[in-house]
Amino acid sequence: MPSNTLRRKLMAIYRALRHAYGPQHWWPGDTPFEMIVGAVLTQNTAWVNVEKAIANLKRERVLTPARLFRLPPRKLAALIRPSGYYNIKAGRLRRLLEFILSHNAGSLKIMFAAEPSSLRRNLLGVHGIGPETADAILLYAGGKPFFVVDAYTRRIFGRHGFIGPGADYDETQRLFTDNLSRSVRLYNEYHALIVRVGKEHCKKKKPLCLECPLKRFLQ
DNA sequence: GACCAGGCACATC
DNA sequence: GATGTGCATGGT
């Protein structure tokens, strides 16, 4: 497909979602650090459960890099328990905190001042931080133009024939980055809207998009 | 009670 | 390189 056609289709879908849902004001979270923590906790987990875990961290007043890292690992795991996989995620959070504290003096400003693609490589080097978590951190906490690909993105754009069933993360990401302007605002809103429509109309169990704002784009 | 959720690492073939 | 599995809570 010629790429200007692809670009028009992707923008038409974006506009349809914007029209249906309006601005999503993502990432849900008051500070960049809260967004980073949320990005780890939401791995394969419903956001409503992440909110409970973050509420626990706020109640304990430990939602800063230094304070979170000072928590005994068992205590950290107990606080994030509602978000599931709490032992795994406690370890992932601690390794990410170690990176923030040791390589960036605990300052997110310093961390995000790094050259973006080298920061992405460094984040991916942290055990437990994969491409989606890294890109969510970069885009939403750091304001860097990296398109976030998640399960909904693959499901929706797979069902609409933009990518094959076996498309991996990087291939799916290139669909957007190769065909859209490199805009933080656009990437931010587009991903948020994909999650919104995915939650409502593109669950695994609901293969048909009968009420979906995107149904007119189906082949 | 089954199924699923805004992944990731690791084992095995 | 592809496919399968463990990790775990809470909502539908």
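Residues in the first sequence are numbered consecutively from 211, following our numbering. Here a beta-carbon is modelled for each residue, glycine too, at the ideal position from N, C-alpha and C.
> Which class does residue 324 belong to by DSSP, given the choice of helix, strand or coil?
Replying inline: For the purposes of this step, residue 324 is taken as the residue at position 114 of the first sequence. Residue 324 falls in the coil class under three-state DSSP.
>> Using the Cβ count rule (16 or more neighbours within 10 Å means buried), how would you classify residue 378?
In response: Locating residue 378 in the first sequence gives position 168, counting from the first residue. With fewer than 16 Cβ atoms within 10 Å of its Cβ, residue 378 is classed as exposed.
>> Judging by CA-CA distance, which residue of 405, 296 and 385 is the nearest neighbour of residue 285?
In response: As a working note, residue 285 is residue 75 in the first sequence. The option with the nearest alpha carbon to residue 285 is 296.
> Would you call the stretch 301-312 and the stretch 223-234 touching, i.e. three or more CB-CB distances under 8 Å?
Replying inline: no
> From residue 242 to residue 321, what distance separates their C-alpha atoms?
Replying inline: Numbered from 1 along the first sequence, position 32 holds the residue referred to as residue 242. Numbered from 1 along the first sequence, position 111 holds the residue referred to as residue 321. C-alpha separation (whole angstroms): 12 Å.
> How many whole angstroms separate the CB atoms of residue 263 and residue 289, which I take to be in contact at a CB cut-off of 8 Å?
Replying inline: For the purposes of this step, residue 263 is taken as residue 53 along the first sequence, with counting starting at 1. For the purposes of this step, residue 289 is taken as residue 79 along the first sequence, with counting starting at 1. Residue 263 to residue 289, Cβ: 7 Å. Contact.
>> Taking the beta carbon of residue 215 as the centre, do at least 16 other beta carbons fall within 10 Å, making it buried, or is it exposed?
In response: In the first sequence, the residue the question calls residue 215 occupies position 5. Classification for residue 215: exposed.
>> On the CB-based measure, 16 or more other CB atoms within 10 Å of its CB, does residue 352 come out buried or exposed?
In response: For the purposes of this step, residue 352 is taken as the residue at position 142 of the first sequence. With 16 or more Cβ atoms within 10 Å of its Cβ, residue 352 is classed as buried.
> In chain order, what residues of the same chain have a beta carbon less than 7 Å from the beta carbon of residue 294, not counting five sequence neighbours either side?
Replying inline: Here residue 294 corresponds to residue number 84 of the first sequence, with the count starting at 1. So the qualifying residues of the chain are 255 and 259.
> Does the distance from the CB of residue 355 to the CB of residue 392 come in under 7 Å?
Replying inline: Indexing the first sequence from 1 puts residue 355 at position 145. Indexing the first sequence from 1 puts residue 392 at position 182. Yes. Within cutoff.
>> Can you check which of these residues, 408, 358, 420 and 412, is closest to residue 397 by C-alpha distance?
In response: By 1-based counting over the first sequence, the position of residue 397 is 187. Selected option, being the one with the closest Cα: 358.
> Where does the unbroken alpha helix (DSSP H) through residue 387 begin, and where does it stop?
Replying inline: Translated into the one-based positions of the first sequence, residue 387 becomes position 177. Taken as a continuous stretch (DSSP letters only), the alpha helix (DSSP H) holding residue 387 covers 379-387.
> To which residues of the same chain is residue 334 closer than 8 Å at the C-beta, ignoring the five residues directly before and after it?
Replying inline: If you number the first sequence from 1, residue 334 lands on position 124. Excluding residues within five positions, the ones whose Cβ falls inside 8 Å are 340, 341 and 344.
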